[in-house]
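Engineer: Pasting in a structure now, in structure tokens, and then I'll have a few things to ask.
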Amino acid sequence: MLPLTLDHVEFSVNGRDIIRPITCEIQAGTRTMILGPNGAGKSVLMRLCHGLLQPTRGRVVWHKAVAAQRARDQAMVFQRPVMLRRSAIANVMYALKLAGMAPVECRLRAEDVLEAVGLASVAERPARVLSGGEQQRLALARAWALGPEVLFLDEPTANLDPNATRDIEQIIGAIHASGTKIIMSTHSLGQARRLGDEILFLSEGRLAERASVDLFFRQPQSPEAVSYLRGELP
Amino acid sequence: MNDLTQAMYAATRLIFSADALLVSIIALSLKVSFTAVLTAAIIGFPTGAFLAITRFPGRQMLIALLNALMGLPPVVVGLLIYLLLSRAGPLGEFGLLFTPTAMVIAQAVLITPIIAALSRQVIEDAWREYEEQLRSLGAGTLAAARTLLWDTRFALITVVLAGFGRAAAEVGAVMIVGGNIDGVTRVMTTAIALETSKGDLPLALGLGMVLVAIIIGVNLLAHGVKLTAQRFHG
Ligand SMILES: Nc1ncnc2c1ncn2[C@@H]1O[C@H](COP(=O)(O)OP(=O)(O)OP(=O)(O)O)[C@@H](O)[C@H]1O
Ligand SMILES: [Mg+2]
Chain F
0 MLPLTLDHVE FSVNGRDIIR PITCEIQAGT RTMILGPNGA GKSVLMRLCH
50 GLLQPTRGRV VWHKAVAAQR ARDQAMVFQR PVMLRRSAIA NVMYALKLAG
100 MAPVECRLRA EDVLEAVGLA SVAERPARVL SGGEQQRLAL ARAWALGPEV
150 LFLDEPTANL DPNATRDIEQ IIGAIHASGT KIIMSTHSLG QARRLGDEIL
200 FLSEGRLAER ASVDLFFRQP QSPEAVSYLR GELP
Chain W
0 MNDLTQAMYA ATRLIFSADA LLVSIIALSL KVSFTAVLTA AIIGFPTGAF
50 LAITRFPGRQ MLIALLNALM GLPPVVVGLL IYLLLSRAGP LGEFGLLFTP
100 TAMVIAQAVL ITPIIAALSR QVIEDAWREY EEQLRSLGAG TLAAARTLLW
150 DTRFALITVV LAGFGRAAAE VGAVMIVGGN IDGVTRVMTT AIALETSKGD
200 LPLALGLGMV LVAIIIGVNL LAHGVKLTAQ RFHG
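So this is what it looks like as structure tokens:
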């Protein structure tokens, strides 16, 4: 279904522009990092791409899916993931069942992904009593289980300690290696460098700059990015 | 004062000797109110979930109406059901007037709005938290409703118990449609009303004590369910 094309996408609420016209094409294969200060519109942009919000003007175009061997085309892990009031494994199975997978298959697949994210030992625990880091891993597992072509991640390591952050980054690496396109936002420049191939830099709802990770950190072109990297908020 | 202590003493004896008349009245009360609350839940839960999740013109008015119906005066409900069920009424042919079934209908009509309105509130709060996650996973309205009903189950138990308390304590409606017939439609509240006016204070007081104990017990149970659920499910 990639590439994803944004065609003059705008989003405003009550006359306030949150996303100003953005036109770009997002390709398969690369890991796309969305950077930008608080309130720049990162979360809104991902919601627009994911289809949770409708653009006020412009279009979000996915190319036709080819031979979908996937439970779902796209998935999203939110800044604050919602855990259903049931066990960890049931949370994963819930997503699979909604996607139309047979119950027996659901359990096997759920066990596999929980194993892969290191949650096999807490699979039967109520999801809501898991720690923040465990919940974040569970949210990743739930999305990964669906085998999506595109996975949106909204600040997947906010509020996590360094060890938990490393775990999550490893899992994201594994998801990417399994052939899923990663589009994620982060406030950690180190993380963007470690995980990313390209940067989309947002500032006040505008796509201020788009560059490879290497180029972006070596030689940012836009004044907004320059001052952001210097740690000066405008 | 002496009358009162004597009556209290006699009432306590009735209770602890499991007086046959007293027990039969209590049993009928519980049966009627339990059936009514079950009926009200079967209608009220889906109504509440539907109102919480869907958006349509007139929804706010419907919710306001539902909230207003929570305060329906029992005697008026009793009168309406009486008119419906009386021999000349539209449902007269079923011969339900002055039967426990009529009392179940009256109580169900009385508490269905309560269960629908309270569960609407509970489910709408949960929906605010869950909406994006569920939509992202591809849940339609029906799937979302079922998920929310299950995930708010502990809060909904307290909703049901609130309905039960209201049904069990109500006197006006069951008096009118049940007729307070000895051994057939005499329940705790109607018996208390009758025995008090006849001057049989011990039986009235005994029933009153049991009724209060049941109401307190139900509320303690509701509280306990909430605490336990929070401890084990988050
Ligand atoms: N549904 C909405 N209605 C109105 N305003 C909104 C809505 N969603 C977001 N906004 C506003 O849009 C702006 C961008 O929000 P967004 O959540 O995308 O920022 P962000 O870049 O993700 O910031 P952060 O780094 O803090 O997560 C903010 O000013 C926010 O208040
Ligand atoms: Mg955000």
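Protein sequences appear in the order of chains F and W.
Under numbering that gives the first Met the number 0, the residue at position 143 of the first sequence is numbered 142, and the numbers go up by one with no gaps.
Under numbering that gives the first Met the number 0, the residue at position 24 of the second sequence is numbered 23, and the numbers go up by one with no gaps.
Beta carbons are placed, not taken as given, at the ideal position from N, Cα and C, and that holds for glycine.
#1: Quick check on residue 229 of chain F: does DSSP put it in helix, strand or coil?
#2: Measuring only between beta-carbons, confirm whether residue 82 of chain F sits less than 9 Å from chain W.
#3: With DSSP as the reference, identify every bridge partner of residue 201 of chain F, one or two as the case may be.
#4: May I ask you to list, following chain order, the residues of the segment 107-136 of chain W that have a beta carbon less than 7 Å from some beta carbon of chain F?
#5: In chain F, which residues lie with their C-beta within 7 Å of the C-beta of residue 233 of chain W?
#6: What residues in the segment 34-49 of chain F bring their beta carbon closer than 9 Å to a beta carbon of chain W?
#7: Give the residues from the segment 150-171 of chain W that approach chain F closer than 9 Å (Cβ to any Cβ), ordered along the chain.
#8: Please give me, in chain order, every unbroken run of the beta strand (DSSP E) with length at least 3 that falls completely inside the segment 186-210 of chain W.
#9: With DSSP as the reference, please indicate the residues paired to residue 31 of chain F in a beta bridge.
#10: Hey, is residue 135 of chain F close to ligand 2, as in C-beta under 8 Å from one of its heavy atoms?
#11: Determine which residues share a DSSP beta bridge with residue 4 of chain F and list them.
#12: Considering only heavy atoms of ligand 2, does any lie closer than 8 Å to the CB of residue 235 of chain W?
#13: Going along chain W in order, which residues have a C-beta closer than 7 Å to the C-beta of residue 71 of chain F?
#14: Spatial neighbours of residue 61 of chain W within its chain, please: CB distance less than 7 Å, with the 5 preceding and 5 following residues excluded, ordered by chain position.
#15: Shorter than 9 Å from the beta carbon of residue 93 of chain F to some beta carbon of chain W?
#16: Since residue 73 of chain F is in the alpha helix (DSSP H), which residue starts that stretch and which ends it?
#17: So, are the CB atoms of residue 163 of chain W and residue 217 of chain W less than 9 Å apart?
#18: Which bits of chain W does residue 74 of chain F rub up against, with CB to CB less than 9 Å?
#19: Would you report the Cα separation of residue 132 of chain F and residue 43 of chain W, rounded to the nearest angstrom?
#20: Would you list the residues sitting across from residue 18 of chain F in a DSSP beta bridge?
#21: Following a CB-centred definition, is residue 36 of chain F positioned closer than 8 Å to any heavy atom of ligand 1?
#22: Below 9 Å between beta carbons: does that hold for residue 46 of chain W and residue 140 of chain W?
#23: Would a C-beta distance cut-off of 9 Å place residue 138 of chain F and residue 85 of chain F closer than the cut-off?
#24: Against residue 142 of chain W, what residues of chain F qualify as contacts under a CB-to-CB distance less than 8 Å, listed in chain order?
#25: Got a sec: is the Cβ-Cβ distance from residue 200 of chain F to anything in chain W below 9 Å?
#26: Spatial neighbours of residue 66 of chain W within its chain, please: CB distance less than 6 Å, with the 5 preceding and 5 following residues excluded, ordered by chain position.
#27: List the residues that DSSP assigns as beta-bridge partners of residue 125 of chain F.
#28: Starting from residue 51 of chain F, find everything on chain W with Cβ-Cβ shorter than 8 Å and list it in chain order.
#29: Does DSSP put residue 177 of chain F in a helix, a strand or coil?
#30: Answer yes or no: the CB of residue 127 of chain W versus the heavy atoms of ligand 1, is any distance below 8 Å?
#31: For the segment 187-198 of chain W, enumerate the residues whose C-beta is nearer than 9 Å to any C-beta of chain F, in chain order.
#32: Measuring CB to CB, does residue 164 of chain F end up less than 9 Å from residue 32 of chain F?
#33: Could you please give the first and the last residue of the uninterrupted beta strand (DSSP E) stretch that includes residue 18 of chain W?
#34: What does the Cβ neighbour count give for residue 22 of chain F, buried or exposed, with the cut at 16 atoms within 10 Å?
Structural biologist: According to the data block:
#1: Residue 229 of chain F sits in coil when the DSSP states are folded into three classes, being neither helix nor strand.
#2: At least one chain W Cβ lies under 9 Å of residue 82 of chain F.
#3: Paired residues: F:206.
#4: Flagged, chain order: 128, 129, 131, 132, 134, 135 and 136.
#5: In chain order: 125, 127 and 128.
#6: Here the close residues are 46 and 49.
#7: Listed by position along the chain: 150, 151, 152 and 153.
#8: For secondary structure counted as the beta strand (DSSP E) over 3 or more consecutive residues, the segment 186-210 of chain W holds no complete run.
#9: F:182 and F:197.
#10: No - ligand 2 has no heavy atom lying nearer than 8 Å to the Cβ of residue 135 of chain F.
#11: Note: residue 4 of chain F sits in a beta bridge opposite F:24 and F:60.
#12: The structure shown has nothing for residue 235 of chain W, since chain W only spans 0 to 233.
#13: 137, listed in chain order.
#14: Excluding sequence neighbours, residue 61 of chain W sits near 50.
#15: For residue 93 of chain F, the answer is yes, since a Cβ of chain W falls inside 9 Å of its Cβ.
#16: For residue 73 of chain F, no alpha helix (DSSP H) encloses it; the enclosing beta strand (DSSP E) starts and ends at 73-76.
#17: Yes, they are a contact pair.
#18: Those within 9 Å of residue 74 of chain F in chain W are 135 and 136.
#19: Using only the alpha carbons, I get a separation of about 38 Å.
#20: Under DSSP, the beta-bridge partners assigned to residue 18 of chain F are F:10.
#21: Residue 36 of chain F: yes, Cβ under 8 Å from ligand 1.
#22: At least 9 Å separates the beta-carbon of residue 46 of chain W from that of residue 140 of chain W.
#23: Result no, Cβ atoms of residue 138 of chain F and residue 85 of chain F do not sit closer than 9 Å.
#24: Per Cβ cutoff of 8 Å: 97.
#25: Output row for residue 200 of chain F: interface = no.
#26: Excluding positions up to five away in sequence, the list reads 116.
#27: According to DSSP, which records beta bridges pairwise, residue 125 of chain F is partnered with F:86.
#28: Near residue 51 of chain F (Cβ distances below 8 Å), the residues of chain W are 131, 134 and 135.
#29: Coil, per DSSP.
#30: Result no, Cβ not under 8 Å from ligand 1.
#31: Residues of the segment 187-198 of chain W with a C-beta atom less than 9 Å from some C-beta of chain F do not occur.
#32: No Cβ-Cβ contact shorter than 9 Å links residue 164 of chain F with residue 32 of chain F.
#33: No residue range can be given for residue 18 of chain W, since it is assigned to no beta strand (DSSP E) and is classified by DSSP as neither H nor E.
#34: By the beta-carbon neighbour count (other beta carbons within 10 angstroms, threshold 16), residue 22 of chain F is exposed.
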